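Residues 41 to 205 (the numbering used here) are what the sequence shown spells out, left to right.
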Amino acid sequence: MAQIKLKGNPVNTTGTLPQVGSQASDFTLVKTDLSTVSLTDFKGSKLVLNIFPSIDTSTCATSVRKFNETASNLTNTKVLCISRDLPFAQTRFCGAEGLDNVVNLSDFKDGSFGNTYGLTITDGPLAGLHSRVVIVLDENGVVKHTEQVDDIVDEPNYEKALAAL
Numbered sequence: 041m042a043q044i045k046l047k048g049n050p051v052n053t054t055g056t057l058p059q060v061g062s063q064a065s066d067f068t069l070v071k072t073d074l075s076t077v078s079l080t081d082f083k084g085s086k087l088v089l090n091i092f093p094s095i096d097t098s099t100c101a102t103s104v105r106k107f108n109e110t111a112s113n114l115t116n117t118k119v120l121c122i123s124r125d126l127p128f129a130q131t132r133f134c135g136a137e138g139l140d141n142v143v144n145l146s147d148f149k150d151g152s153f154g155n156t157y158g159l160t161i162t163d164g165p166l167a168g169l170h171s172r173v174v175i176v177l178d179e180n181g182v183v184k185h186t187e188q189v190d191d192i193v194d195e196p197n198y199e200k201a202l203a204a205l
């Protein structure tokens with residue numbers, strides 16, 4: 041279990057993030073068209089997993105915008121924006137913002153992605169949602185970088201995450 045903060049108040053998560061150098065666990069998430077996708081579907085591409093509590097918060101929206109802007113310049117890299125939001129909310133947000141360089145994925149069905157990756161918040165007002173995390177994977181699904189922000193309202197270190205690519 042990891043302890044993070046929400047506006048300075050301690051909250052806990054279900055576990056710890058995958059270790060750098062380890063093989064990322066497979067997952068099944070829901071795309072905005074309601075089809076499913078797994079980690080193996082992205083084999084051969086570098087991945088930035090931009091994980092957050094909800095697209096409808098200002099920090100989460102900012103992170104999606106920043107990664108969308110950066111993603112257009114990345115070679116053989118996909119940015120996966122993952123939350124427990126319904127795919128409809130993700131589609132609405134990205135359509136309104138004109139975001140088309142990221143892949144929005146939802147863990148709304150059972151939260152298994154958050155539990156497997158140890159980042160589901162277990163207590164406090166956001167219990168059941170994902171904590172703010174960035175995980176970078178190479179083309180073979182090996183973890184190259186992880187960051188769980190200390191306070192959910194903080195932005196991740198984008199430069200450090202992208203340097204791991």
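The beta-carbon is built from N, C-alpha and C at its ideal position, and this holds for glycine as well. Here the structure is a predicted model, which means the values were calculated and not measured.
Assuming residue i and residue j are in contact, meaning their beta carbons sit under 8 Å apart, how far apart are those beta carbons, in whole angstroms?
i    : j    : result
L126 : S146 : 6 Å
L79  : I122 : Not really, about 11 Å apart at Cβ, beyond 8 Å.
T186 : V70  : Contact flag wrong, Cβ pair sits at about 23 Å.
D190 : I44  : 6 Å
T76  : T131 : Contact doesn't hold; Cβ gap of about 16 Å is too wide.
From the DSSP output, which residues share a beta bridge with residue i?
i    : result
A59  : In the sequence on display, residue 59 carries Gln and not Ala. The partner list for Q59 (beta bridge, DSSP) is empty, contrary to what the question assumes.
T131 : Note: T131 sits in no beta bridge, so no partner.
T160 : H170
N90  : C121 and V174
K71  : L145
S78  : T68
D96  : Answer is none; D96 lacks a bridge partner.
Answer with yes or no whether the minimum CB distance from residue i to chain D is below 7 Å.
i    : result
G151 : Absent from the structure is chain D; it holds one protein chain and no more.
Classify residue i: buried if its beta carbon has 16 or more other beta carbons within 10 angstroms, exposed otherwise.
i    : result
A201 : buried
G168 : exposed
S171 : buried
Taking 7 Å as the threshold (C-beta atoms), are residue j and residue i in contact?
i    : j    : result
L46  : G164 : yes
Y198 : K106 : yes
N116 : S85  : yes
F148 : R124 : yes
P196 : V176 : no
V143 : L120 : yes
Q188 : L87  : no
Check whether the segment 46 to 55 touches the segment 152 to 170, counting contact only when three or more Cβ pairs, one atom from each stretch, lie closer than 8 Å.
-> yes
State whether the segment 175 to 193 contacts the segment 60 to 70, with contact taken as three or more CB pairs (one from each stretch) at a distance under 8 Å.
-> A contact exists between the segment 175 to 193 and the segment 60 to 70.
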